Amino acid sequence: MSLRAGERPGSTSRPLALAFVESPVQLLNVLEWAHAQEQPGEAPGAAPGAELTLVVLSPNDPMTRGQLRRMAELARDEGHTVRWEEARGGTAAPFRTIGGLTPLLRRAHRVVMGDPFSRYVQLLLSITRAADLVVVDDGTATMEFVGQLARGERLVRWHRKGGRPGPRDLLFAPVSAAARRRLTPSAHTRVEIFSAMPVPEAPDGVTVTANTFAWTRARFGPPRVTKGADMVGTSLVETGVVDADHYLEAVRALARAHGATRYFAHRRESTDKLHRLAVETGLEVVRPDLPLELIARRGPIGRTVLSFPSTVVHTLPLALSGTPVKVAVCDIDPTWLTAHASPRAQGFLSGVTGTARDVHRLARVSTV
6 MSLRAGERPG STSRPLALAF VESPVQLLNV LEWAHAQEQP GEAPGAAPGA ELTLVVLSPN
66 DPMTRGQLRR MAELARDEGH TVRWEEARGG TAAPFRTIGG LTPLLRRAHR VVMGDPFSRY
126 VQLLLSITRA ADLVVVDDGT ATMEFVGQLA RGERLVRWHR KGGRPGPRDL LFAPVSAAAR
186 RRLTPSAHTR VEIFSAMPVP EAPDGVTVTA NTFAWTRARF GPPRVTKGAD MVGTSLVETG
246 VVDADHYLEA VRALARAHGA TRYFAHRRES TDKLHRLAVE TGLEVVRPDL PLELIARRGP
306 IGRTVLSFPS TVVHTLPLAL SGTPVKVAVC DIDPTWLTAH ASPRAQGFLS GVTGTARDVH
366 RLARVSTV
C-alpha cells in the first residue's frame, strides 16, 4: 500500500527528481539538498521548478518507522510529494514496490539516494535512465562509499569489509557491480555527492556539494542551551563492532567525568542494552522522535554534547553553528572491539574523529 501525501496535480512533462530514502537522516539530507537547489547560486545542473518525489522504502524497525513518519510530515510541509512504500512487508513486497515505481524511475531526470550500499537502491538504479544521480549523506558510510568509488572497489559497508561474502552477496554481485558502474561519472551520467562529511578523494568527474544544514538552521531554533552535558549514543554494539560491557563502562566513565545527565539513544540501539545502561549509569535515556540534528536545534540541549565517533561529530557543529554548544568526541579504544569486528574498523573510526571539524577531542577513557 502506498501513501501519497501532498501530491501535486499537473503535467508529467515537468522535470522529476526522485529520491529514495530508508532512514530519517537520509530524508533530512534530501530536504537539505532540495533547500540548496532553491538558493541563489544553486548547484550545477539543478533544474528550477523540478518536481521532487520522496519515496520512503520503509524498514520494519518500529523506531525508524516512527522517525520516518515524522520526517515525512516535515517534507510534506515543505510542499514535496511523499510516497510511502511498505518495501519489506512480505515476500511479494519487493516485486510490488519495484513494479509500482518503474514508471516513475523511467520518467525521472534525476535520482537522489541516501544509501548507495542498499541492495534495494542498487536494483532501482538498474531500471532508471536518469542522467543525473545524487548521493546524499547516510552518515559516516558516505566517507567509505566515496573512497570505494574512487578506488574502483566493490561497494560494501565499512563494518562488513574484510569478511567473506555470503551466498546472498555472491548472488547480488552483478547488480552491485552494475550500480558501481552506474555511479561512475561518464559522458551520459552526472554524479553529485551532497555531504557534510569530508570528501578528500572524490573520484574524477564527481561534483561535491557541501551540506551546511542551512534548512535545519532556517526552520528550527536557536535552541535553549543548558549548563549541563548530554551524551549521544551509537549502534556500534548492535553492529558487532564494540563489546557491550566495554561500551557501557565507557559511557559511565564519560558521564561521571563530564556531569552528563541525558543519553540520546541511536534508533538502532536495543531496548535491553538501553535498560541496562539506564540502570548502571543513572542517565536518563531519551528516544528521539526526529534525527538528533533537529532535536538539538530545537533544544533544550546541553552546553557540551559528548559522542563517540559517529556522524554527529560532523553534523552537529554545523546544525548548532552560532550557538555556544561544544561537541566533544571520545575515541574508541582498540581493546573495546569485538573479535568479529572488521579489520577496517579501528582505522575507519579513527578517521571519523580525525577529520571532524570544530569538535573537542577527549582522552580515551579506561574501562578496566
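So in this note's numbering, spot 364 of the sequence shown is number 369, and the numbers just go up one at a time.
For every residue, glycine included, the Cβ atom is placed at its ideal position computed from N, Cα and C.
None of these values were measured; they are calculated from a predicted model.
| query | result |
| --- | --- |
| Whole-Å CB distance - V334 paired with L367, under 8 Å assumed | 6 Å |
| Unbroken alpha helix (DSSP H) run spanning H280, endpoints | T276 to T286 |
| A183 versus R156 - alpha carbon distance | 16 Å |
| Proximity to G287 [Cα-Cα], best of T343, V310 and M236 | M236 |
| Bridge partners - V310, DSSP secondary structure assignment | D235 and V332 |
| Cβ-Cβ distance between L62 and E83 below 7 Å | no |
| Per-residue burial, H280 [other beta carbons within 10 Å of its own, 16 or more giving buried] | exposed |
| Minimum length 3: unbroken beta strand (DSSP E) runs contained in the region 69-97 | 86-90 |
| Residue of L23, I306, T340 and A24 minimising C-alpha distance to G233 | I306 |
| 7 Å Cβ cutoff met for S240 and R267 | no |
| Sequence-distant residues of its chain with Cβ nearer than 6 Å to A51 (five each side left out) | Because the pLDDT of A51 is 46, which lies under 50, any placement of that residue in the model is unreliable, and the number read from its coordinates should be weighed accordingly. Around A51: Q42. |
| Nearest neighbour of F25, chosen from A207, G94, D143 and T217 [CA to CA] | D143 |
| Where R362 falls, given that 16 or more other Cβ within 10 Å makes a residue buried | exposed |
| E56 beta carbon less than 7 Å from that of V139 | no |
| Span separating the alpha-carbon of S28 from that of P296 | 9 Å |
| In chain order, each beta strand (DSSP E) run of at least 3 residues that lies wholly inside the region 127-214 | 137-141 and 195-200 |
| Beta bridge counterpart(s) of R56 as assigned by DSSP | Sequence check: residue 56 is Glu here, not Arg. Paired residues: L21. |
| Buried/exposed call for A92, threshold 16 Cβ in 10 Å | buried |
| Distance cut-off 6 Å: L342 Cβ against heavy atoms of the ligand FAD | Here there are no bound small molecules, and the ligand FAD is not part of this structure. |
| Secondary structure of V2, DSSP reduced to three states | No statement about residue 2 is possible, as the shown extent of the chain runs from 6 to 373 and does not include it. |
| Cβ-based burial, Q127 [other Cβ within 10 Å; buried from 16] | buried |
| Alpha carbon of H251 to alpha carbon of T372, nearest angstrom | 6 Å |
| Neighbourhood of G245 by C-beta, 8 Å cutoff - its chain only, sequence neighbours within 5 removed | H164, T343, H345 and A346 |
| Given Q72 as reference, the closest of Q44, H271 and I132 once Cα atoms are compared | H271 |
| Cβ neighbour criterion (16 or more within 10 Å) applied to S191 | exposed |
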